[in-house]
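One structure is given here, and the rest of the page talks about it.
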Amino acid sequence: MRRDDRSARQSLLARLLVALLLLGGPVACGFHLRGEAHYSFDTLFLNSPPAQPLTTDLRRSLEGIGSAQLVASPETAQVILDIASVENNKQILSLSGGGKVREFLLTKRVLFRVRDSAGNDWLPTSEVLVRRSYTYNDTEALAREAQEQRLWREMQDDAVAQIVRRLQQAKKPA
7 MRRDDRSARQ SLLARLLVAL LLLGGPVACG FHLRGEAHYS FDTLFLNSPP
57 AQPLTTDLRR SLEGIGSAQL VASPETAQVI LDIASVENNK QILSLSGGGK
107 VREFLLTKRV LFRVRDSAGN DWLPTSEVLV RRSYTYNDTE ALAREAQEQR
157 LWREMQDDAV AQIVRRLQQA KKPA
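Take any residue in the sequence shown, count from 1 to its spot, add 6: that is its number in the working numbering.
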């Protein structure tokens, strides 16, 4: 009976050790769950065309995870996020021996800047560039079209996340 108790205790300790290693490993390398974004400003005005899908996603993200409050006018904002341009581009990346498209490259490029109402840069004009490639086959055109739409959506999400992260680096000019 004593031997069974000892082996049960050792088994329990081994399980606990494995659990601690599994939980502690990601933390040791710097991994942490995405939490609330903290900014060096309190209020923000988003200067971007309202019909732009990026504007909608960026607004949703800023309202959902940020410590700064989005305001309706630039006059009441401590900083203004200017989205200067959003470009989507699709290029042929490779061709088959027969001259048919084999692979496409999708590129999303966003230029933005963070400034105060006096025009001082908190974050100078910056670029977010997101790229994805995918293979193409004429016989699977519908599936590839759906894949392309999914990739554009993921790229948009990535661009928004990068902008939010960069907003956390914005500092009041000296």
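Backbone N, C-alpha and C fix where the C-beta goes; we use that ideal spot for every residue, glycine too.
Item to complete: State yes or no: is the C-beta of leucine 112 within less than 9 Å of the C-beta of glutamate 154?
Response: Against the sequence shown, residue 112 aligns to sequence position 106. Against the sequence shown, residue 154 aligns to sequence position 148. Yes, these two residues count as a Cβ contact at 9 Å.
Discussion item. Assess contact between the region 156-163 and the region 126-144, defined as three or more Cβ pairs (one per stretch) separated by less than 8 Å. Is contact present?
Written reply: By the Cβ criterion, the region 156-163 is in contact with the region 126-144, since at least three pairs of Cβ atoms, one from each stretch, lie closer than 8 Å.
Discussion item. If distances are taken between C-alpha atoms only, which option among Ala90, Lys96 and Gly125 comes closest to aspartate 114?
Written reply: Locating residue 114 in the sequence shown gives position 108, where the first residue counts as 1. Here residue 114 turns out to be lysine, not aspartate, going by the sequence shown. Looking at the Cα atoms, Lys96 is the closest of the given residues.
Item to complete: Determine the extent of the alpha helix (DSSP H) in which aspartate 163 is found, giving its start and end residues.
Response: One-based indexing of the sequence shown puts residue 163 at position 157. Residue range 147-173 is occupied by the alpha helix (DSSP H) that includes aspartate 163.
Discussion item. I'd like to confirm the pairing. Which residues does DSSP put opposite leucine 129 in its beta bridges?
Written reply: In the sequence shown, residue 129 corresponds to position 123, counting from 1. As computed with DSSP, leucine 129 is found in a beta bridge with Val120.
Worksheet entry | Cα-Cα separation between leucine 148 and tyrosine 142, rounded to whole angstroms | Walking along the sequence shown from the start, residue 148 turns up at place 142. Walking along the sequence shown from the start, residue 142 turns up at place 136. Going from the Cα of leucine 148 to the Cα of tyrosine 142 covers about 10 Å.
Fill in: Exposed unless 16 or more other CB atoms sit within 10 angstroms - verdict on alanine 165
Here residue 165 refers to the residue found at position 159 when the sequence shown is read from its first residue. Residue burial is scored here from C-beta neighbours: alanine 165 has at least 16 other C-beta atoms within 10 angstroms and is therefore classed as buried.
Discussion item. So, with DSSP's three-state summary, where would you put alanine 14?
Written reply: In the sequence shown, the residue the question calls residue 14 occupies position 8. Here DSSP, grouped into helix, strand and coil, assigns alanine 14 to helix.
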